[in-house]
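Structure record follows, encoded as structure tokens.
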């Protein structure tokens with residue numbers, strides 16, 4: 001399948017590595033930053049204007065897939081771009097690397113990315129446009145919302161709930177039955193032992209609130 005990638009920095013290179021296992025061909029990249037060069041052997045275009053000019057020149061959108069390769073605490077961006085590309089008739093690609101373990105009972109949302117050596121356990125639900133990064137463990141009965149980023153090396157015990165657009169940074173640990181609120185950010189290496197409300201940043205062991213965050217707008 002021919003695909004386009006929105007986002008042309010590190011996450012695009014990671015996605016390219018995952019796609020080497022299949023028969024996908026990257027035909028174009030898009031990014032909102034006009035100073036970003038193409039990291040791959042494919043042309044790059046900038047912003048909605050660049051995309052709309054490019055798509056108008058294509059013979060058909062039929063069979064054209066897409067991946068939104070934007071990591072970090074920009075989950076709302078991923079979901080908005082996902083919806084924008086859906087409106088143009090493109091098909092979302094869900095990326096699951098062959099080294100990842102995904103339980104047969106897990107539900108994986110459209111456009112999710114399950115990367116190298118990640119684990120998604122029994123009866124987990126992973127939302128659309130969510131990234132489970134390299135070496136992370138999402139244990140049994142976890143519910144992870146839309147536009148979430150689980151960074152490398154995160155350890156989530158069973159029955160954890162992560163709300164939409166939250167970000168769990170590298171090496172954090174979350175004990176069983178804890179909830180992390182919408183838009184909230186868990187800092188690298190934090191140990192989360194109690195529920196985290198919406199729109200806050202927590203760090204440390206045990207994790208504590210250090211400030212509030214606002215919703216991202218794209």
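Residue numbers (UniProt numbering): 1 to 218. Ideal placement from N, C-alpha and C gives every residue a C-beta, glycine not left out.
Open item on the list: For residue 167 and residue 146, which I take to be in contact (beta-carbon distance under 8 Å), what is that distance rounded to the nearest angstrom?
Closed with: The count along the chain shown starts at 1 and reaches residue 167 at position 167. The count along the chain shown starts at 1 and reaches residue 146 at position 146. Not quite, the Cβ-Cβ distance comes to about 13 Å (not below 8 Å), so this is no contact.
Task: Contact check, residue 96 vs residue 81, beta carbons under 9 Å - done: Counting from one through the chain shown, the residue named residue 96 turns up at place 96. Counting from one through the chain shown, the residue named residue 81 turns up at place 81. Contact: no.
Open item on the list: Three or more C-beta pairs under 8 Å: does that hold for the region 145–163 against the region 175–187?
Closed with: Yes: the two stretches touch, three or more of their Cβ pairs being nearer than 8 Å.
- [ ] Could you say if the region 37–55 and the region 109–119 meet the contact criterion of at least three C-beta pairs nearer than 8 Å?
- [x] no
Open item on the list: Please tell me whether residue 65 and residue 24 are closer than 9 Å, where the distance is taken between their beta carbons.
Closed with: In the chain shown, residue 65 corresponds to position 65, counting from 1. In the chain shown, residue 24 corresponds to position 24, counting from 1. Going by C-beta atoms, residue 65 is nearer than 9 Å to residue 24.
Task: Classification of residue 85 by the beta-carbon crowding that lies within 10 angstroms, buried from 16 upward - done: Here residue 85 is taken as the residue at index 85 of the chain shown, counted from 1. Buried is the call here.
Task: 6 Å CB neighbourhood of residue 153 in its chain, flanking five on each side removed - done: Position 153 of the chain shown, counted from the start, is the residue given in the question as residue 153. Within the same chain, residue 153 has close Cβ partners 135, 170, 171.
Open item on the list: With DSSP as the reference, identify every bridge partner of residue 29, one or two as the case may be.
Closed with: The count along the chain shown starts at 1 and reaches residue 29 at position 29. Bridge partners of residue 29: 5, 44.
TODO: Tell me whether residue 83 is buried or exposed, calling it buried when 16 or more other Cβ atoms sit within 10 Å of its Cβ.
DONE: Numbered from 1 along the chain shown, position 83 holds the residue referred to as residue 83. Exposed, since its Cβ has fewer than 16 Cβ neighbours within 10 Å.
Task: DSSP state of residue 79 mapped onto helix, strand, coil - done: For the purposes of this step, residue 79 is taken as residue 79 along the chain shown, with counting starting at 1. Looking at residue 79 - three-state DSSP - the assignment turns out to be helix.
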